[in-house]
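What follows is one structure encoded as structure tokens, with my remarks underneath.
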Amino acid sequence: MAKILTIVECAYRATIEEQDDTVLWFTHMMAAQGGADLALLLRGNAVNYLSRKQHVDVLHFGEAVLGNPPRLADDVEALMKRNVPVYYVEEDAGERGLEKSDFIAGAKAVSRAGLARFVAGFERVFHW
Amino acid sequence: MSTAKTLTFLLMDAPYESANSTTALRIIDAAIRKGYHVNVTAYEGAVAYTYGLQKPHQNPIKGTTVEQEKHPNTKDWVAALIKAAQGRGLKLDWLRCGMCEDERGLYENQIAGTRPGSPVDFYKQQVEPADNALVIPCR
Chain A
9 MAKILTIVEC AYRATIEEQD DTVLWFTHMM AAQGGADLAL LLRGNAVNYL
59 SRKQHVDVLH FGEAVLGNPP RLADDVEALM KRNVPVYYVE EDAGERGLEK
109 SDFIAGAKAV SRAGLARFVA GFERVFHW
Chain B
20 MSTAKTLTFL LMDAPYESAN STTALRIIDA AIRKGYHVNV TAYEGAVAYT
70 YGLQKPHQNP IKGTTVEQEK HPNTKDWVAA LIKAAQGRGL KLDWLRCGMC
120 EDERGLYENQ IAGTRPGSPV DFYKQQVEPA DNALVIPCR
């Protein structure tokens, strides 16, 4: 079984309309129902997916209401419970002023300098 | 049984929106020409590549008719790639994300030779057996 790294860089792509991040959802499906050997790396703006401080409020357009707003930190946490290890690029978090104390527990930092070596440890890399 | 290698691609852009669509089809075309089996999963807006009700249009700026303009539709390009693969004894397996086409209302009128599927089908039927796989996401 190939070891797959999913890299999420493009953040908040249609997450309101989809009520999910479509790549996290896809990754979760492959892990939960396909038994894939996966890891997740968050980089760029997607490091904010780890933050407990993000919040999506209720959205109305006229009488139409958003059903289940995306809860991306919860979704990342759910992936970890499926034994999908989660990593993030440490400098990307720092440049955005994100506090590690606000992050969900269990995500591991990877430095930019160590990124190439880290990625080389996987047989398949899906960079979204 | 064919000994040709297999390449897998996941496409995400809707057609007619970015250069990614043409680039992806160029890569698939090159792979078939070089003798590779090809798997494709069309995710999110990419399910529209193969929507059968696409129609070519005229160009009022150029003053061309529909016939003169020869406007390409991605459904025709994909159909041509499927035919090209078959002609070389190769396989082009074109899988469409079922839930994606449901939410877009594109679950009917999809062209022949393509099929609905899921991320699990992508992983088990297209990634695991392939020699390599490339995701081409929208940005």
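Going down the list, the protein sequences come from chains A and B. Take 9 as the starting number for the first sequence in the numbering used here and just add one per residue. Take 20 as the starting number for the second sequence in the numbering used here and just add one per residue. For glycine and all other residues, C-beta sits at the position ideal for the given N, C-alpha and C.
Contact check, residue i vs residue j under 8 Å by CB: the rounded distance?
i: Lys102 (chain B); j: His56 (chain B); result: Going by Cβ atoms, the distance from Lys102 (chain B) to His56 (chain B) rounds to 15 Å, so no, they are not a contact pair.
i: Ala149 (chain B); j: Thr27 (chain B); result: 4 Å
i: Arg90 (chain A); j: Ile12 (chain A); result: In fact, because the Cβ distance is near 13 Å, the residues do not count as touching under 8 Å.
i: Phe34 (chain A); j: Pro138 (chain B); result: 5 Å
Using a Cβ-Cβ cutoff of less than 6 Å, which residues in the same chain neighbour residue i once the five nearest sequence positions on both sides are dropped?
i: Gly54 (chain B); result: Ala23
i: Asp45 (chain A); result: Met9 and Lys11
i: Asn128 (chain B); result: Gly71 and Leu72
i: Asp110 (chain A); result: Ser59, Arg60 and Lys61
Once you ignore the five residues that flank residue i on each side, which residues in its own chain have a CB closer than 8 Å to its CB?
i: Tyr95 (chain A); result: Ala47, Leu48, Leu49, Leu50, Ala115, Lys116, Ala117, Val118 and Phe126
i: Gly117 (chain B); result: Tyr126, Pro135, Gly136 and Ser137
i: Ala22 (chain A); result: Thr30
i: Val84 (chain A); result: Leu32, Leu48, Leu50, Tyr57, Leu58, Val94, Ile112 and Ala115
i: Gln27 (chain A); result: Leu74, Gly75, Asn76, Pro77 and Pro78
Identify, in the order they occur along the chain, each residue of the same chain with its Cβ nearer than 7 Å to the Cβ of residue i, setting aside the five sequence neighbours on each side.
i: Asp100 (chain A); result: Arg51, Gly52 and Val55
i: Asn39 (chain B); result: Asp32, Ile155 and Cys157
i: Ala50 (chain B); result: Leu26 and Val57
i: Asn78 (chain B); result: Glu88
Based on the DSSP output, what are the partners of residue i in its beta bridges?
i: Thr35 (chain A); result: None; Thr35 (chain A) has no bridge partner.
i: Asp45 (chain A); result: A:Lys11
i: Leu50 (chain A); result: A:Val16 and A:Tyr96
i: Ile155 (chain B); result: B:Leu30
i: Ala116 (chain A); result: Going by the sequence as given, residue 116 (chain A) is Lys instead of Ala. DSSP lists A:Tyr95 as partners of Lys116 (chain A).
i: Asn58 (chain B); result: B:Thr27 and B:Asp112
i: Phe134 (chain A); result: A:Thr14
i: Ser59 (chain A); result: A:Phe111
i: Gly136 (chain B); result: B:Cys116
i: Phe126 (chain A); result: In the DSSP output, where bridge partners are listed per residue, Phe126 (chain A) has none listed.
i: Gln129 (chain B); result: B:Tyr70
Return yes when the C-beta of residue i is under 7 Å from any heavy atom of the ligand FMN, and no when it is not.
i: Ser40 (chain B); result: Absence of the ligand FMN is noted for the structure shown, with no ligands found whatsoever.
Going by other Cβ atoms of all chains shown within 10 Å of its Cβ, with 16 needed for buried, is residue i buried or exposed?
i: Ile80 (chain B); result: exposed
i: Ala131 (chain B); result: exposed
i: Val31 (chain A); result: buried
i: Val92 (chain A); result: buried
i: Gly43 (chain A); result: exposed
i: Phe69 (chain A); result: exposed
i: Ala99 (chain B); result: exposed
i: Pro75 (chain B); result: exposed
i: Ile24 (chain A); result: exposed
i: Thr42 (chain B); result: exposed
i: Leu114 (chain B); result: buried
i: Glu120 (chain B); result: buried
i: Asp112 (chain B); result: buried
So does the stretch 48-59 of chain A actually touch the stretch 76-85 of chain A, counting three or more Cβ pairs closer than 8 Å? With contact defined as three or more Cβ pairs closer than 8 Å, the stretch 48-59 of chain A and the stretch 76-85 of chain A are in contact.
May I ask you to verify whether the stretch 87-94 of chain B touches the stretch 67-77 of chain B, counting CB pairs closer than 8 Å and requiring at least 3? Counting C-beta pairs with one atom in each stretch, the stretch 87-94 of chain B and the stretch 67-77 of chain B have three or more that are closer than 8 Å, which means they touch.
Does the stretch 136-143 of chain B come close enough to the stretch 35-44 of chain A that 3 or more CB-CB pairs lie under 8 Å? Yes, since at least three Cβ pairs between the stretch 35-44 of chain A and the stretch 136-143 of chain B fall closer than 8 Å, the two stretches touch.
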